Structure formats: C-alpha cells, structure tokens
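In my numbering, the protein residues as written are -12 to 375.
From the three backbone atoms N, C-alpha and C, an ideal C-beta is built for every residue, glycine too.
In this text the structure is predicted, and so the values were computed from the model without any measurement.
Heads up: the structure comes next, in structure tokens.
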Ligand SMILES: NC(=O)c1ccc[n+]([C@@H]2O[C@H](COP(=O)([O-])OP(=O)(O)OC[C@H]3O[C@@H](n4cnc5c(N)ncnc54)[C@H](O)[C@@H]3O)[C@@H](O)[C@H]2O)c1
C-alpha cells in the first residue's frame, strides 16, 4: 500500500475551505490531514462545519506543535501573505516539505531566503500556482512548445473580477503585497514568464484606485457582502513586460467589475493566434456540490498552414468555430478551480519522491521580481529595468 502523506495546515481561511479542502477530501488515498492551526477562532469554527468526519483532525493552538510533530511529513501554509515566509522557513527547518500558497513572498530577497533554506534542509516548497496544474495550461504548453506555429511574439491578458471580500488584501501592501499585483496579476505574470521563453527585461505600468479610495465610495459590494474598503493597494493595473528576446506581454487586471470573473488571453505566435477564455465564471450552483455550471475554459487556435510568397498577402478571417476550437473544459474533475486537485496530486509526488515541483520557488522568484518591478514602475512613474 502506498504511503499516505500526513499534513499539517496553517491557515484554514477561505482558500483552504473552498479549494484545498474539497481537493484533499477527494484524495484521501494520498493525504491525511493531521492538524490545523489558525489564529482566528471563526475560521476554525467554519472549518469544523465542513470537515465533519473526513478525518480525526486535531486543532492546535500554535504552529509550533505542527512543526514539531514527527508524524507530519508536510505543511501547507495557506495564511494571508504577510506570514508566508516566516512559516515556510520554520517548516523547512523542521524537515517538512511545504505547500505554500501564492504569492510566495512580497520581495524577491525573501523568496531567495526560502530557496536557500530548501537547499540547506533538503526539502521542497511547491507554490500554489494552481493554473500550472490545469489541463488548460497543459494544452497551451502543448501548442506553444510544439513550435509548429513559430515563436511567441506578444501576449495580452485581460482579467476583470469583483472585489474579493478578504480585506487584509488591500491593506499594508509592504507586508501583504499589492492586491492587484502580488495577489492577482502574479498568476498572469507566472504564465507569461513560462511562455515568453526568456527572462523579463523591463516593465512599464500604471495602477490606481477606483473603488478602494473612500473619497469615491463609502461602501462597495464584494461578492455577497457590502464592505468598506480602504487601504494602500491598487485595484486596477495595466502593465507591459518586455522580455530579453523581445517578446512583449501586457496585462489589464481589474477588481472593479460587478460581474463574475472574466479572463481572456491572446497569444500571438508567428504563424498562429491563440485566443483563450479562461475561468469565465457566470454562476455557481451550490446544489451541484461546487461544480461550476456553464463556465468553459476554451482555447481557439487560428492558424493558416498554407504557404504564401509574401507574409499576410491573403489575410483571412476565421470566426471561432469547431474547426479552431482545440480545447474546451468544464472543470469536470476539479473541485472549485481547474488545477486544484492536480496540484495536490503533484504535491504528493513532491513529498514522496522528494522531487522538484513544476511550480517551484525558482519559478516564483521570477514572478516576484516582475511583481516588484511593476510596483516600482507605478510608484516611480517610469520604465523599470529588471535586475536578476
Ligand atoms: N491560488 C489561488 O487561486 C488562491 C486563491 C485565493 C487565495 N490565495 C492565497 O491564499 C492565501 C490565503 O487567502 P484566503 O483568501 O484564504 O485568505 P483568508 O483571510 O480567508 O484566510 C487566511 C487565514 O490565515 C489565517 N492567519 C492569518 N495570520 C495567521 C497566522 N499568523 N497564523 C495562523 N493563521 C493565520 C487567518 O486567520 C485566515 O483564516 C493568500 O496568500 C492568497 O493570496 C490563492
């Protein structure tokens, strides 16, 4: 019989309850939650309600108890961002592998500290870049890496969504990171970095506050709740990243949408264009146990394989149809989020085979380097050259 990985959970907030716990409940052959620690009694109360008799979980009153428990093989750090680094370093020091929610840290130097600790204690940290484990991502890798359509020239990603009701995200960006840059755009940056095929070289960016600013609105709606938002974080961002090989990537990300999340991506290759719709949520139906309804991820590939003497001599138009639809997924096998179950299956391999994860801290370092450069570009109002 295969060994079950015993895990300790630090932070049982919304991402644990809505995404990780359903995944772990589906993977009881691989994981056993031994202990949970959270500083918030309400988070524990809500967790107890969902966890039922899934396993005989212990609720501890300190993270130390989890780190010192010899039965525990790995720790999941799922807290707010400000304590990611502290807990990850402690867990590594106690010989535990770590599943760390994104963003790994706010500053590149802290990601470097984690990388050094991984080497020192010979353990791995897998960063919760959930999209890296989605079938959507695999399909894009397949198309781009085949090189059948030439190299990537530019990428553009637009994502709009409503405010997330986690108010800590908008406050104290020095410790929590900027909500729209470190918390949201980090997903886009992560995939841009993967598909650009070179290191990022420079960035220009504009950000701002449409809704966080209490001078504009006293309250805004965040999902079901009305909340008073204030903080030093941006709620919208437009940024361009230029890579060392000339590839350009631009993002527009905004929390200022009364409508559910919409995510659209264009990747222009030399001989084809990819249009991808990702996580275009319309509604969720709780009765179907958190399966999203009618919310496809789709990838259209527009390619012209004919040979012409002159590039674009015969420009053609291809409306999206079955011929150019290469991928369509309704998240059938994933609770809540594409990649959410797959990332835990991968983490099982990270722990049992002690192998470096796809979403490694080395990958996260480049993400955080870009996030910091974008932050600086906004603050200094100038183009920032990226130093590695
Ligand atoms: N990968 C994704 O798609 C995704 C989605 C949502 C959130 N996240 C990330 O997950 C993390 C948590 O986000 P969330 O939405 O669950 O926030 P949350 O506020 O709902 O949950 C965080 C939990 O951590 C607890 N906590 C805070 N400080 C602590 C401490 N010092 N010790 C122990 N517990 C502590 C809080 O009490 C809370 O219950 C964030 O870093 C966020 O960026 C990732």
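Residue i to residue j span [Cα, whole Å]
| i | j | result |
| --- | --- | --- |
| residue 153 | residue 328 | 23 Å |
| residue 277 | residue 6 | Note that residue 277 has pLDDT 40, beneath the 50 cutoff, so the model's placement of it is unreliable and the number below is only indicative. C-alpha separation (whole angstroms): 10 Å. |
| residue 333 | residue 35 | 26 Å |
| residue 234 | residue 52 | 48 Å |
| residue 44 | residue 31 | 11 Å |
| residue 17 | residue 346 | 20 Å |
| residue 28 | residue 169 | 27 Å |
| residue 103 | residue 75 | 12 Å |
| residue -6 | residue 46 | 13 Å |
| residue 358 | residue 172 | 8 Å |
| residue 207 | residue 200 | 10 Å |
| residue 131 | residue 13 | 32 Å |
| residue 367 | residue 156 | 22 Å |
| residue 11 | residue 250 | 27 Å |
| residue 77 | residue 293 | 58 Å |
| residue 238 | residue 224 | 8 Å |
| residue 3 | residue 115 | 11 Å |
| residue 313 | residue 255 | 16 Å |
| residue 354 | residue 111 | 18 Å |
| residue 330 | residue 41 | 20 Å |
| residue 324 | residue 179 | 20 Å |
Residue from the options with nearest C-alpha to residue i
| i | options | result |
| --- | --- | --- |
| residue 310 | 290, 316, 324 and 32 | 290 |
| residue -9 | 253, 112 and 339 | 339 |
| residue 33 | -1, 55 and 293 | -1 |
| residue 389 | 66, 216, 175 and -4 | Residue 389 lies beyond the residue range present for the chain, which begins at -12 and ends at 375; the question has no answer from this structure. |
| residue 195 | 181, 220, 178 and 202 | 220 |
| residue 215 | 140, 21 and 198 | 198 |
| residue 253 | 159, 287, 41 and 143 | 143 |
| residue 231 | 182, 218 and 202 | 182 |
| residue 26 | 335, 106, 49 and 39 | 49 |
| residue 236 | 140, 365, 39 and 218 | 140 |
| residue 218 | 193, 158 and 184 | 158 |
| residue 129 | 99, 360, 286 and 344 | 286 |
| residue 335 | 360, 15 and 365 | 15 |
Burial state of residue i (16 or more Cβ within 10 Å)
| i | result |
| --- | --- |
| residue 134 | exposed |
| residue 204 | exposed |
| residue 342 | exposed |
| residue 213 | exposed |
| residue 326 | buried |
| residue 125 | exposed |
| residue 109 | exposed |
| residue 66 | buried |
| residue 88 | buried |
| residue 119 | buried |
| residue 308 | exposed |
Residue i Cβ short of 7 Å to ligand 3 heavy atom set
| i | result |
| --- | --- |
| residue 65 | Judged by which ligands are present, ligand 3 is missing from the structure shown, whose ligands are ligand 1. |
Any C-beta of chain B under 8 Å from that of residue i
| i | result |
| --- | --- |
| residue 167 | Absent from the structure: chain B. Only one protein chain is present. |
Cβ-Cβ separation, residue j to residue i (assumed contact under 8 Å), whole Å
| i | j | result |
| --- | --- | --- |
| residue 23 | residue -4 | 4 Å |
| residue 85 | residue 64 | 6 Å |
| residue 60 | residue 83 | 7 Å |
| residue 127 | residue 351 | With 8 Å as the limit, residue 127 and residue 351 do not qualify as a contact, their Cβ atoms being about 19 Å apart. |
| residue 123 | residue 284 | 5 Å |
Inset, instruction - Indicate whether the contact test is met: 3 or more Cβ pairs, each with one atom in the stretch 134 to 147 and one in the stretch 251 to 261, closer than 8 Å. - result: By the criterion of at least three beta-carbon pairs nearer than 8 Å, the stretch 134 to 147 is in contact with the stretch 251 to 261.
Inset, instruction - Inspect the CB distances between the stretch 185 to 193 and the stretch 353 to 372 and report whether three or more fall short of 8 Å. - result: The way I'd put it, the stretch 185 to 193 does touch the stretch 353 to 372; three or more beta-carbon pairs between them come closer than 8 Å.
Inset, instruction - Could you say if the stretch 245 to 253 and the stretch 145 to 161 meet the contact criterion of at least three C-beta pairs nearer than 8 Å? - result: Counting C-beta pairs closer than 8 Å gives three or more between the stretch 245 to 253 and the stretch 145 to 161, which meets the contact rule.
Inset, instruction - Taking 8 Å as the threshold, find out whether the stretch 82 to 102 comes into contact with the stretch 157 to 164 through three or more Cβ pairs. - result: The answer is yes - the stretch 157 to 164 touches the stretch 82 to 102, with three or more Cβ pairs under 8 Å.
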